[in-house]
Amino acid sequence: MTVPNSDVHLISAELESLRPTQMTVGYNEVAAKREHWKTLDKKARASTIATHWFPAVLGPQKDYFVVDHHHLGLALIEESVKEVKVMVLRDLSWLDPVIFWRMMEHNQWVHPFGADGSRYEYEHLPKTLNELVDDPYRSLAGELRRAGGYAKDATPFSEFLWADYLRPKIPAKLIKKDFAKALKNALAYAHEQEARYLPGWSGKIEIR
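Put into structure tokens, the structure is as follows:
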């Protein structure tokens, strides 16, 4: 029998007080979310805030560490939204920081990898959503999924896995200079057998 987690509850929180659990986002995706926000009227905006809950874990110093919606959070900050709904998944604030991060990693709630694809110590994670830096490969991976390069998958941080796959194959300069061409190349790479380990891969399985 599954026992409900009594920690789960909903609160309101200031966006700029939320702590990220990843180091990067794709700025193209943030820009797209900002453009969508601009098309919404007052009622639709209120509905978006009410229904898009930010899942978070209460951690050391009673900070809320969000484990999803980083792109949306940064977009809303840049659109001057002050407060959002936070769904608290667990209260781990009583743990020693070392154990806290061990539990975060165990639950796949943290992704401490920079825009160069390298892993960093947890203290290098941004302190606010405003400090998230751009990873153009994350933008490319997100657009690749929307273009049918791979299927949406529940695997945590799946877009980052695809970003890392594309990183050595497509020059960053090409992504910035000619995004459409970079996407075309990414679509070709996405269906190769080499990518079959990735979540959502939709290539053809070769029978030998």
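Add 1135 to the 1-based position in the sequence shown for my numbering, that's all there is to it.
We put the beta carbon where it would ideally sit given N, CA and C, even for glycine.
These figures come from a predicted structure and were not determined experimentally.
Kindly indicate which three-state DSSP category E1149 falls into: helix, strand or coil?
The residue you call residue 1149 lines up with position 14 of the sequence shown. Strand at E1149.
Within 10 Å of its beta-carbon, does V1129 have 16 or more other beta-carbons around it, so buried, or fewer, so exposed?
Summary: the structure shown does not reach residue 1129, with the chain confined to residues 1136 through 1343, and so no result is reported for it.
How many angstroms separate the CA atom of F1200 from the CA atom of D1288?
Translated into positions along the sequence shown, residue 1200 becomes position 65. Translated into positions along the sequence shown, residue 1288 becomes position 153. Between F1200 and D1288, the C-alpha separation is close to 23 Å.
Between A1369 and the rest of its own chain, which residues show a CB-CB distance below 8 Å, the 5 nearest in sequence each way excluded?
Lying before the first or after the last residue shown, residue 1369 is absent from the chain, which here runs from 1136 to 1343.
Go ahead and pull the three-state DSSP assignment for M1158.
Residue numbering aside, residue 1158 sits at position 23 when the sequence shown is read from its first letter. DSSP places M1158 in coil when its eight states are reduced to three.
Cβ contact (3+ pairs, closer than 8 Å) linking the segment 1158–1177 and the segment 1197–1217:
yes
Among G1283, L1322, I1212, which one has its Cα closest to the Cα of E1266?
Here residue 1266 corresponds to residue number 131 of the sequence shown, with the count starting at 1. Checked all of G1283, L1322, I1212; the closest Cα to E1266 is I1212.
Kindly identify the DSSP beta-bridge partner or partners of L1193.
Numbered from 1 along the sequence shown, position 58 holds the residue referred to as residue 1193. DSSP output for L1193 lists Y1199, D1226 as bridge partner(s).
Compare the Cα-Cα distances from T1290 to each of V1223, G1335, R1225 and report the closest residue.
Residue 1290 sits at position 155 when you count from the first residue of the sequence shown. Nearest of V1223, G1335, R1225 to T1290, Cα basis: G1335.
Is A1286 close to chain C? Criterion is C-beta to C-beta, closer than 8 Å.
Going by chain labels, chain C is absent from the structure shown, which holds only one protein chain.
Taking Cβ to Cβ, would you say L1145 is nearer than 8 Å to M1222?
In the sequence shown, residue 1145 corresponds to position 10, counting from 1. In the sequence shown, residue 1222 corresponds to position 87, counting from 1. Their beta carbons are under 8 Å apart, which means L1145 touches M1222 by this criterion.
With three or more beta-carbon pairs closer than 8 Å as the criterion, would you say the segment 1274–1289 touches the segment 1243–1252?
no
Specify whether the segment 1299–1306 and the segment 1256–1266 touch according to this definition: at least 3 beta carbon pairs, one from each stretch, less than 8 Å apart.
no
For L1209, which option in L1333, V1160, D1176 has the closest C-alpha, if you only look at C-alpha atoms?
As a working mapping, residue 1209 is identified with position 74 in the sequence shown. Answer by Cα proximity: V1160.
Rounded to whole angstroms, how far is the Cβ of L1224 from the Cβ of D1142, which I believe are closer than 8 Å?
Residue 1224 sits at position 89 when you count from the first residue of the sequence shown. Residue 1142 sits at position 7 when you count from the first residue of the sequence shown. With a Cβ gap of about 7 Å, L1224 and D1142 count as contacting.
Tell me, which residues are paired with R1254 by DSSP?
Counting from one through the sequence shown, the residue named residue 1254 turns up at place 119. F1248, per the DSSP bridge assignment.
For K1097, I'd like the list of residues in its chain whose CB is within less than 7 Å of its CB, leaving aside the five on either flank, ordered along the chain.
Here the chain has residues from 1136 to 1343 only, and residue 1097 is not among them.
Exposure of V1268, with buried meaning 16 or more beta-carbon neighbours within 10 Å:
For the purposes of this step, residue 1268 is identified with residue 133 of the sequence shown, where counting begins at 1. Flag for V1268 reads exposed.
Going by the CB atoms, is the gap between L1227 and F1189 shorter than 8 Å?
Counting from one through the sequence shown, the residue named residue 1189 turns up at place 54. Counting from one through the sequence shown, the residue named residue 1227 turns up at place 92. For F1189 and L1227, no; Cβs fall outside 8 Å.
In the structure shown, what three-state DSSP assignment does V1143 receive?
As a position in the sequence shown, residue 1143 is number 8, starting the count at 1. Here V1143 sits in coil by DSSP.
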